[in-house]
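Just so you know, the protein sequences line up as chains A and B, in that order.
With numbering that gives the first Met the number 0 applied, the first sequence covers 0 to 351.
With numbering that gives the first Met the number 0 applied, the second sequence covers 0 to 351.
C-beta: ideal position from N, C-alpha, C; glycine also.
Nothing here was measured: the structure is a model prediction, and the numbers come from that model.
Here is the structure we will look at.
Number of protein chains: 2
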Amino acid sequence: MTVEVPKLIAGLERGERRALARLLTVVEDGDPARLREVVAAIYPRTGRARVIGLTGSPGVGKSTLTDQLATKLREQDRSVAVLAVDPSSPFSGGALLGDRVRMQGHHADAQVFIRSMASRGHLGGLSFATPQAVLLLDAAGFDDILVETVGVGQSEVEIAATADTTIVSLAPGMGDGVQAAKAGILEVADVFVINKADRGGAGQLESELRGMLEMGHALEAPPPGSDGHPDGDDEDRDSSDVEVAGATGQGAWWPPIVRTVAVRAEGLDELAEAVDDHLAFLDRSGLREQRRRDRATHTIREIALEAVRRRFAGLDASDDVVLEDLAAQVAARELDPYTAADRLLEALEDAG
Amino acid sequence: MTVEVPKLIAGLERGERRALARLLTVVEDGDPARLREVVAAIYPRTGRARVIGLTGSPGVGKSTLTDQLATKLREQDRSVAVLAVDPSSPFSGGALLGDRVRMQGHHADAQVFIRSMASRGHLGGLSFATPQAVLLLDAAGFDDILVETVGVGQSEVEIAATADTTIVSLAPGMGDGVQAAKAGILEVADVFVINKADRGGAGQLESELRGMLEMGHALEAPPPGSDGHPDGDDEDRDSSDVEVAGATGQGAWWPPIVRTVAVRAEGLDELAEAVDDHLAFLDRSGLREQRRRDRATHTIREIALEAVRRRFAGLDASDDVVLEDLAAQVAARELDPYTAADRLLEALEDAG
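Structural data, given as structure tokens:
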């Protein structure tokens, strides 16, 4: 499509960081033709990296935690890419500044790559762009990809859930603990971190969290009193002889709660170990393949929806039915929004 | 479609709260046929309420602030509906419990209605359901509708942005202020609240916020040094003689920063006044009509996208091309996700 993309992909294959950075900009800009070209070219080279999601509310110290986990993984001689996804910032300028600040701790290390991503060109936002950025980092050959995202909204939880292992981070004293540890976050957590654990309230937060986990299991698991993780019940009957950290038996996964003080690099060994344990559990149970299929489903659906959104936008530019006109009629109460949506979809089919 | 819906709508028209509650459940459940019936029936009765969005990170005291603002509006003899949108909770049980707790302050007052909404049946989540719930509350005749949402992700910011006036709430000591006041939140804010303003750090947070606002304007407004709000520049040249709170001149809107201590009901007069001022500004400048057209556009697009998502889901159940099969091929690297998305869309067109 463009002369530039094949060159960049050749650069990516030679391990050039600059080519990777420019390809990530292609993903961020969201031009569909270029994106398609990039993803089709790199796709066969993907599927090797461990993808680790890290989510939590603003103020729990996610950035520091991510950086420290990256440092820990580097000590294990693994190459690490950090993708800091910021759904609340439409500006990449600030994101890039953030990258520069954050790179300082790792700037001498070619095996660490840090990139912030904000929603820019693409209509579908970061739930569309993130999986494709992960594919790029995977194709670039990183052993581990840390996807850090502010985890409050449903779409951000979804982003984290496209990882192999999702770490949910909390901190004492952030409003009330129960509010921070909402059910949607509980559902996606494979590992919990209580960061800033040197603060008062860490013990109480952990108790609340355990209470919510037990209540969640009691609500969801078919037989009350069963200790199986609802997601793991069917797949892991064969692994009952294996001991895993945080598991309560039967090979099911019960998310461990790890305490850290990221600013002092405390608890990071335990966190890295919990991640290893969870990934080993995924492999044993067959859930890793399941999660990768789920991730593929998510990616396909988002790409298809993005295409539909673009068709809607394209209709705006045509002479026939225009979303803007429909909106004016709806705003004037001349048309109800469902009838307007029908007309939009009809116009789409006629145009396609 | 169902015998029940016309009865409920008749009840709504008679001002019955129980009918309203049950219709909101129809919205929350997301059955497309029933939703369509409800929205088409009520739509002509909508468009009268003031819609006020209130957003902020967890822990800033949004619920208390919303409740206190509702109390203040009641003192002005306005009827108030509160829609507490929680994108992080998939459970409505907790939401209902929360409603009961929150209703206690207003339980004797028939002119206050409080409802939490979690994402349940609908695939499109709360950015699909929220505008339709707002329509219902509007049709029920409330003067003011307060839409409270956790505002961190893009979709939540979008929900807030469908309001006439969006209040962004912050608090000192929630991690660092700059992180909390991300650009995406700055963009949608019509009014800022610094809640818990009796805490240390309120002054610093306000300074940071003013700095970010000035930087944002310098980045976005065409001539640096101009004091026009980017959204208001074109529409409000005629209102240069009007003084509005928080405006810097030329009739443009500069979001005021209001300090509150919601638990002690402090600063609520100022907040209610800032909301009035902003709504008056919207009317004068013609932006209110623009926002209502934008909201209609958003609603139509979300309804159409939801229909497309349902068609994707419907394909899963058919014998032909199945998203699950495509995902398995993509996960096995036999197919790239763009080609898979093409096939999904082709299958959709064939089925349609």
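Below 8 Å on the Cβ atoms is my guess for A132 of chain A versus L23 of chain A; work out the distance and round it to an integer in Å. 6 Å
Residue range of the unbroken beta strand (DSSP E) whose run includes V167 of chain A: 164-169
Residue-level contact to chain A via CB, G210 of chain B, 9 Å cutoff: no
Between I193 of chain B and L169 of chain B, which are expected to be in contact by the criterion C-beta below 8 Å, what is the C-beta distance as a whole number of angstroms? 6 Å
For I213 of chain B, would you say it is in contact with chain A, using Cβ-to-Cβ distances shorter than 9 Å as the test? Rather than Ile, the amino acid found at residue 213 of chain B in this sequence is Glu. Cβ-Cβ to chain A under 9 Å: no for E213 of chain B.
Quick test of the definition: if touching needs 3 or more C-beta pairs under 8 Å, does the segment 66-74 of chain A touch the segment 36-46 of chain A? no
Taking DSSP as the reference, what is the three-state secondary structure of E3 of chain A? helix
Can you give me the Cβ contacts of A162 of chain B inside the same chain, cut-off strictly under 7 Å, excluding the 5 residues immediately before and after it? By the criterion of a C-beta distance shorter than 7 Å, A162 of chain B is surrounded in its chain by V50, I51, G52, V146, once the five residues flanking it on both sides are discounted.
Under 8 Å from any heavy atom of the ligand NAD, does the C-beta of A196 of chain A make it? Of ligands this structure carries none, so the ligand NAD is not represented either.
When you check each C-beta in the segment 46-63 of chain A against every C-beta of chain B, which residues fall closer than 8 Å? G46, S56, P57, G58, V59, G60
Mind listing which residues of the segment 160-172 of chain B have their C-beta closer than 7 Å to chain A's C-betas, in chain order? none
Quick one, which of A:R258, A:G14, A:A251, A:M214 has its alpha-carbon nearest A277 of chain A's? Note that residue 277 of chain A corresponds to His in the displayed sequence, not to Ala. For H277 of chain A, the closest alpha carbon among the candidates A:R258, A:G14, A:A251, A:M214 is that of A:A251.
Would you call Q328 of chain A buried or exposed, if buried means 16 or more other Cβ atoms sit within 10 Å of its Cβ? buried
Please list, in chain order, the residues of the segment 293-304 of chain B that have any C-beta partner in chain A closer than 7 Å. A295, T296, T298, I299, R300, I302, A303, L304
Once the 5 residues before and after K61 of chain B are set aside, which same chain residues still bring their CB inside 7 Å of it? L53, G55, E147, S168
Identify every run of the alpha helix (DSSP H) within the segment 251-338 of chain B, keeping only runs that are complete inside it and at least 4 residues long; order them along the chain. 267-284, 286-316, 322-330
Between the beta-carbon of R114 of chain A and the beta-carbon of A138 of chain A, is there less than 9 Å? Against a cut-off of 9 Å, the Cβ pair of A138 of chain A and R114 of chain A comes out as no contact.
Euclidean distance between Cα positions of T259 of chain B and L267 of chain B: Spanning the two alpha carbons is a distance of roughly 7 Å.
Rounded separation between D28 of chain B and V84 of chain B - CA only: The alpha-carbon separation between D28 of chain B and V84 of chain B amounts to approximately 14 Å.
Residues in its own chain within less than 8 Å of T65 of chain B by CB, not counting five upstream and five downstream? L53, V81, A83, L145, E147
Cβ pair I166 of chain A, A201 of chain A closer than 9 Å: no
For R198 of chain B, the nearest candidate out of B:G210, B:L212, B:P171 (CA to CA): B:P171
Specify the secondary structure class of G55 of chain A as computed by DSSP and reduced to three states. G55 of chain A: strand per DSSP, three-state reduction.
Where the beta strand (DSSP E) through F356 of chain B begins and ends: Outside the modelled stretch of chain B, which goes from 0 to 351, sits residue 356 of chain B, for which no answer is possible.
Closest by C-alpha distance to F127 of chain B, when choosing among B:V274, B:I302, B:A326, B:L19: B:I302
Express the C-alpha separation of G140 of chain A and I8 of chain A in angstroms, rounding to a whole number. 13 Å
Quick check: the segment 283-296 of chain B against the segment 279-294 of chain A, are at least 3 beta-carbon pairs closer than 8 Å? no
Please determine, among B:Q110, B:Q203, B:D282, B:I299, the residue with the shortest C-alpha to C-alpha distance to A340 of chain A. The option with the nearest alpha carbon to A340 of chain A is B:I299.
So which of A:R310, A:M116, A:I256 has the shortest CA-CA distance to A271 of chain A? A:I256
Scan the segment 248-269 of chain B for residues whose Cβ lies nearer than 8 Å to a Cβ of chain A and list them as they occur along the chain. none
Alpha-carbon spacing of A306 of chain A relative to L19 of chain A, whole angstroms: A direct Cα-to-Cα measurement between A306 of chain A and L19 of chain A gives close to 25 Å.
Any C-beta of chain A sitting closer than 9 Å to the C-beta of R291 of chain B? yes
Proximity to E213 of chain A [Cα-Cα], best of A:A196, A:L185, A:R287, A:V190: Measuring from the Cα of E213 of chain A, the nearest candidate turns out to be A:L185.
Are the C-beta atoms of F141 of chain A and some chain B residue less than 9 Å apart? no
What does the Cβ neighbour count give for S284 of chain B, buried or exposed, with the cut at 16 atoms within 10 Å? By the Cβ neighbour-count rule, S284 of chain B is buried, with 16 or more other Cβ atoms within 10 Å of its own.
Segments of 4+ residues assigned as alpha helix (DSSP H) that fall wholly inside the segment 15-59 of chain A: 16-28, 31-41
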